[in-house]
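Structure first, commentary second.
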Ligand SMILES: [Zn+2]
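So this is what it looks like as structure tokens:
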């Protein structure tokens, strides 16, 4: 079973050294997280597929399956592209899309496509604003794009992407 969270009581001073956190990559919404950090992190696995690398918590913290699809749709990058094949301009678009998509997710209170509820027991609203996730067979929402959303399994997770602007 996949686990989404745990609660551990820790001393503040040593919290970052705990085995629960010391294997987690940088937090992408920190101001210190720059495109240089992103490049450094993803290039740890140059042969990996970008979708898989974005959801690898040891590379970057906090990007799950839904957000990775939304990020790559926004950046116009196919989920199966090898990290080493990405052009400088594509990495820039991914960087921008990571910041924008996660910020949008937080602004809408998270994604409750599944069972996520906030501490008040209320669902988030990001699932009402998906551009690509679970829109298989539908027309791409990108302006002037004639693409259709496709679904494919990438390393065991479902990937949704546009057949035209993410080709
Ligand atoms: Zn498209």
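Numbering (the working numbering), first residue to last: 85 to 251. Glycine included, every Cβ here is placed at the ideal spot set by N, Cα and C. For clarity, every value in this text was computed on a predicted model and none was experimentally measured.
Distance, Cα to Cα, residue 235 vs residue 218? Spanning the two alpha carbons is a distance of roughly 8 Å.
Beta-carbon within less than 8 Å of residue 99's beta-carbon, same chain only, minus the 5 sequence neighbours each way: which residues are those? Within the same chain, Cβ atoms closer than 8 Å to the Cβ of residue 99 are found at 105, the five residues on either side in sequence being excluded.
Since residue 186 and residue 112 are thought to touch, with beta carbons under 8 Å apart, how far apart are those beta carbons, to the nearest angstrom? A Cβ-Cβ separation of about 6 Å places residue 186 in contact with residue 112 under the 8 Å criterion.
Less than 7 Å separating the Cβ of residue 161 from some heavy atom of ligand 1? No, the Cβ of residue 161 stays beyond 7 Å of every heavy atom of ligand 1.
Could you please give the first and the last residue of the uninterrupted beta strand (DSSP E) stretch that includes residue 233? From DSSP, the beta strand (DSSP E) with residue 233 extends over 233 to 238.
Let me confirm a value: residue 204 is counted as buried when at least 16 other C-beta atoms fall within 10 Å, else exposed. Which label applies? Note on residue 204: under 16 other CB atoms within 10 angstroms of its CB, so exposed under the neighbour-count rule.
Between the C-alpha atoms of residue 240 and residue 135, what's the straight-line distance to the nearest angstrom? Taking the Cα positions, residue 240 is about 11 Å away from residue 135.
Distance between residue 97 and residue 245 (C-alpha atoms, nearest Å): Going from the Cα of residue 245 to the Cα of residue 97 covers about 43 Å.
What three-state label does DSSP hand residue 244 in the structure shown? Three-state DSSP puts residue 244 in a strand.
Can you give me the Cβ contacts of residue 259 inside the same chain, cut-off strictly under 8 Å, excluding the 5 residues immediately before and after it? Because the chain here runs from 85 to 251, residue 259 falls outside it and cannot be looked at.
Cutting at 6 Å between CB atoms, please list the residues of its own chain near residue 168, excluding the five before and the five after it. Within its own chain, the residues whose Cβ lies closer than 6 Å to the Cβ of residue 168, once the five positions on either side in sequence are excluded, are 130, listed in chain order.
Can you pull every residue whose C-beta falls closer than 7 Å to some heavy atom of ligand 1, listed in chain order? In chain order, the hits are 224, 226, 229, 231, 246, 248, 249 and 250.
To which residues of the same chain is residue 229 closer than 8 Å at the C-beta, ignoring the five residues directly before and after it? Counting only Cβ-Cβ distances below 8 Å, and skipping sequence neighbours, we find 246, 248 and 249.
What are the boundary residues of the alpha helix (DSSP H) that residue 143 is part of? First-last for residue 143: undefined, no H or E at that position.
Would you mind stating whether residue 232 and residue 226 have Cβ atoms separated by less than 8 Å? Taking the C-beta atoms as reference points, residue 226 is found no nearer than 8 Å to residue 232.
Looking at the C-beta of residue 101, does it have a partner C-beta in chain C at a distance below 8 Å? Checking the listed chains, one finds no chain C in this structure; it contains a single protein chain.
Distance check for residue 238 and residue 163, CA to CA, integer angstroms please. Each residue's alpha carbon lies about 8 Å from the other.
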